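Visitor:
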Amino acid sequence: MKLFFIAQITAFLLAIGLDFTIAAPASTHKASSKVSKDASDSPKMVFAHFMVGIVASYQAADWANDISLASASGIDGFALNIGADSYTETQLTLAYNAAASKNFKLFISFDMTSITDPTRISNIIKTYTSQSAQFKVDGKPFVSTFVGYGTVDWSSIESSSGVQLYLVPNWQANQIQGDSTISGAFSWIAWPSTNNQPIDSNMTTASDEAYISALAGKAYMAPVSPWFFTHYGVNSWNKNWIFYSDYLWFQRWEQILQLKPDFVEIITWNDFSESHYIGPLHPDNPSVYAGDPNTGAVEWVTGMPHDGWRDVAKAYITAYKNGASSPTVTKDEIVYYYRTIPKGTTCSDSVPQPTGYQYDEDNVYAITMLTSPGTLTITSGSKAAVKYSVPAGISLWSAPMGVGTQTFALQRNGATVLSGSGSKQISNTCTVYNFNAFVGTVM
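Using my numbering, the letters of the sequence shown correspond one by one to residues 1 to 443.
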């Protein structure tokens, strides 16, 4: 069941003209206490999935900047997703060189929908396994994939490269059981869906539990993602859907603290095409938004930062690494996010509304990170202000969406401690069905 009841109560009380204060639960889902075998004994590491295929123009300074931002958020390294592009090795070299001086780790995630030549895979492994920034477990280079079960013979690649791998591929749970070639597995199931189709539901831990059971003590790398929206038309990729993500970022991190997986991979640092990026925008180099020969995510990414989500991740990453059941907050901050159009808006767009759009709630959201309790006020456009009694720690709140400026404030003892407004308004006119999230912070 989705966390929609907060908005329903809000709307009802506003409709009858009552001012009110209400506390909301952090989540309606409780993750399983089931964990990977020996997970508590191994160092916890968090990586962010990095799309190398879109950064052909990256220079050393670009890699250094991204690595600094990720490291400041508690992220230990990048999972470098690579295909068969001609510039792959050039960018890998820049990445490994930039990471070497920053105690930042890298591993390669072979995109098996693109790179399938075992000779090239073997040569890449031989070239980068000796780099100081290469992430290793028990002296073995950590290697992952995007899909690819049965695509190549990994035992042969180990033989030809002369390198024994710590292989953690993205294969399905029913493909990994009893496989002696792997050291673990990574799940790509980071959004609520059925057969990769949107559903009207929050994310659960059912898929995690299936992987953990199938792995029978081998390492599990769990996925965490903040959003999913893509809007390519029928003349290009015909990718046009949104997975229900309204409460996903907060809720999924809560599940991670309970699951305690061996590793975590954030999906993603920079996949702008699917709107689940937490890395910086590139207004001076919008080519990285493309991802398609005919059109590009520039239409739904421009001016839509997600940087504030890294602040939330930082607190949870620290808790995850410490084995804590909840994050510790050291400074007050509000991280807010919202879509910039109500879901029923008609846009002058040649591509129709994304599949699954009807499941989205017309709300604005605020994640509060507080050192002590306070009163949160959300004012969404022309809607009446909504107030919540907010506890210390991290919690998630929502209010009905209104056209206009979005304002968020925190009061304590009658004094305003934090106050700020989103630089993008919510509008009921549009040229693109943009269901990406606009993320901002007040601190």
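The C-beta atom is built at its ideal place from N, Cα and C for all residues, glycine as well.
Model, not experiment: these values are computed from the prediction.
#1: Taking Cβ positions, are residue 142 and residue 168 nearer each other than 8 Å?
#2: How many angstroms separate the CA atom of residue 360 from the CA atom of residue 157?
#3: Can you name, in chain order, every residue of its own chain whose Cβ lies under 6 Å from the Cβ of residue 356, other than the five neighbours on each side?
#4: CA-CA distance, residue 86 and residue 161?
#5: So which of 395, 402, 392, 393 has the shortest CA-CA distance to residue 386?
#6: Return the residue from the list 43, 269, 137, 107 that minimises the CA-CA distance to residue 65.
#7: Taking all protein chains shown into account, decide if residue 153 is buried (16 or more other Cβ within 10 angstroms of its Cβ) or exposed.
#8: Between the C-alpha atoms of residue 340 and residue 436, what's the straight-line distance to the nearest angstrom?
#9: Out of curiosity, what's the CA-to-CA distance linking residue 368 and residue 208?
#10: Hey, how far is the Cα of residue 302 from the Cα of residue 319?
#11: Work out the CA separation of residue 55 and residue 109 for me, nearest whole Å.
#12: Go to residue 453, then tell me how far its beta strand (DSSP E) extends in each direction, as first and last residue.
#13: Please report the Cβ distance between residue 418 and residue 390, rounded to the nearest whole angstrom; I am assuming they are in contact, meaning their Cβ atoms lie under 8 Å.
#14: Which ranges would you report for the beta strand (DSSP E) in the segment 214-271 if only whole runs of at least 3 residues count?
#15: Buried or exposed for residue 373, please, with buried defined as at least 16 other CB atoms from any protein chain shown within 10 angstroms of its CB.
#16: Looking only at its own chain, which residues have a Cβ that is under 8 Å from the Cβ of residue 425, when we skip the five neighbours before and after it?
#17: Use the C-beta contact count for residue 246: other C-beta atoms within 10 angstroms, 16 or more gives buried, fewer gives exposed.
#18: Taking residue 321 as part of the alpha helix (DSSP H), name the residues at either end of that continuous run.
#19: For residue 287, count neighbouring Cβ atoms within 10 angstroms of its own Cβ and tell me buried if that reaches 16, exposed if not.
#20: Who are the near neighbours of residue 412 in its chain, counting only those whose CB is closer than 6 Å to its CB and skipping five residues on each side?
#21: So residue 398 and residue 363 are in contact, right, with Cβ under 8 Å, and what is the actual spacing, rounded?
#22: Mind checking who residue 111 pairs with in its DSSP beta bridge?
#23: Would you mind giving the Cβ-Cβ distance between residue 439 and residue 308, rounded to the nearest angstrom? I have them listed as a contact below 8 Å.
#24: Between residue 357 and chain D, is the shortest Cβ-Cβ distance under 8 Å, so that the two count as touching?
#25: Using the Cα positions of residue 423 and residue 326, report the straight-line distance between them to the nearest angstrom.
#26: Kindly identify the DSSP beta-bridge partner or partners of residue 393.
#27: Have a look at residue 128 and residue 311 and give me their C-alpha separation to the nearest angstrom.
#28: Run through DSSP, which three-state label would residue 333 get?
Guide: Quick look at the numbers:
#1: yes
#2: 45 Å
#3: 198, 241, 242
#4: 21 Å
#5: 402
#6: 269
#7: exposed
#8: 8 Å
#9: 27 Å
#10: 32 Å
#11: 15 Å
#12: With the chain represented from 1 up to 443, any question about residue 453 goes unanswered, as that position is not in the structure.
#13: That pair is no contact at about 11 Å.
#14: 219-224, 229-231, 240-242, 263-266
#15: exposed
#16: 340, 381, 403, 404, 405, 406
#17: buried
#18: 308-322
#19: exposed
#20: 374
#21: 4 Å
#22: 146
#23: 4 Å
#24: In the displayed structure, chain D is absent; only one protein chain is listed.
#25: 31 Å
#26: 370
#27: 31 Å
#28: strand
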